[in-house]
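Engineer: Anchor point for the sequence shown: position 90 equals 90 in the UniProt record's numbering, and the numbering is continuous, going up by one each time. Glycine included, every Cβ here is placed at the ideal spot set by N, Cα and C. Questions regarding the structure given below will be posed in turn.
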Amino acid sequence: MTRRGIAVLAATLTGVALCLGACSTPAAPSSDSTAQSAAVPLVSRTAEQIVSALQREGFDADHPVEATDVNCAEAGCTQAVVTDRFRLLVFPSTGSAQLYADSQDMRQIETLAVGFAPVVPEAQRDRYWNAIVQLAR
């Protein structure tokens, strides 16, 4: 083999070795915190669990009804529970909860939107709201 042939062969083998080393290196795991947090729900309780907790704490949450089919088709929520005093909707993201809550004059925390019946006085609304905020954490 000539010197030129050996040089070409050496360059080719070096290129192949570099490609194999670089191409076979596994991709580093994503350190993007938004991608990791997307799998973890922002509110760890379901709407039913929040309503049950409120009842255990002595709040009037009479006649809770699972209303996902009725409410969520239009609202875009993933879960809804309605009581005589309020309705609680769970959304897939904080953005969708915020948009819906703003359009319906509801209160919103994380992925929850809460609307109160007109008969509930403002002071009671605040009391319910504070308890719901605590339960959402």
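For residue 75 versus residue 88, is the C-beta distance shorter than 8 Å?
Structural biologist: Counted from its first residue, the sequence shown places residue 75 at position 75. Counted from its first residue, the sequence shown places residue 88 at position 88. No; because the gap between Cβ atoms is not below 8 Å, this pair is not in contact.
Engineer: Where residue 93 and residue 43 are concerned, what is the direct C-alpha to C-alpha distance, given to the nearest angstrom?
Structural biologist: Translated into positions along the sequence shown, residue 93 becomes position 93. Translated into positions along the sequence shown, residue 43 becomes position 43. So the two alpha carbons sit approximately 10 Å from each other.
Engineer: Need the endpoints of the beta strand (DSSP E) that residue 113 sits in, please.
Structural biologist: Translated into positions along the sequence shown, residue 113 becomes position 113. Where residue 113 is concerned, the enclosing beta strand (DSSP E) stretches over 112–116.
Engineer: Kindly indicate which three-state DSSP category residue 107 falls into: helix, strand or coil?
Structural biologist: In the sequence shown, the residue the question calls residue 107 occupies position 107. It is a strand residue.
Engineer: Taking the beta carbon of residue 108 as the centre, do at least 16 other beta carbons fall within 10 Å, making it buried, or is it exposed?
Structural biologist: The residue labelled residue 108 in the question sits at position 108 within the sequence shown. Label assigned to residue 108: buried.
Engineer: By a C-beta neighbour count over all protein chains shown, 10 Å radius and 16 as the cutoff for buried, is residue 65 buried or exposed?
Structural biologist: Reading the sequence shown from its first residue, position 65 is the one you call residue 65. Result: exposed.
Engineer: Expressed to the nearest angstrom, what Euclidean distance is found between the alpha-carbon atoms of residue 85 and residue 136?
Structural biologist: Mapped onto the sequence shown, residue 85 falls at position 85. Mapped onto the sequence shown, residue 136 falls at position 136. Roughly 18 Å between the two C-alpha positions.
Engineer: Going by the beta-carbon positions, is the gap between residue 131 and residue 54 smaller than 8 Å?
Structural biologist: Start at 1 with the first residue of the sequence shown, and residue 131 comes out as number 131. Start at 1 with the first residue of the sequence shown, and residue 54 comes out as number 54. Taking 8 Å as the Cβ cut-off, residue 131 and residue 54 qualify as a contacting pair.
Engineer: Spatial neighbours of residue 79 within its chain, please: CB distance less than 6 Å, with the 5 preceding and 5 following residues excluded, ordered by chain position.
Structural biologist: Start at 1 with the first residue of the sequence shown, and residue 79 comes out as number 79. If we look at residue 79 and ignore the five residues flanking it on each side, its Cβ neighbours are 47, 68, 90.
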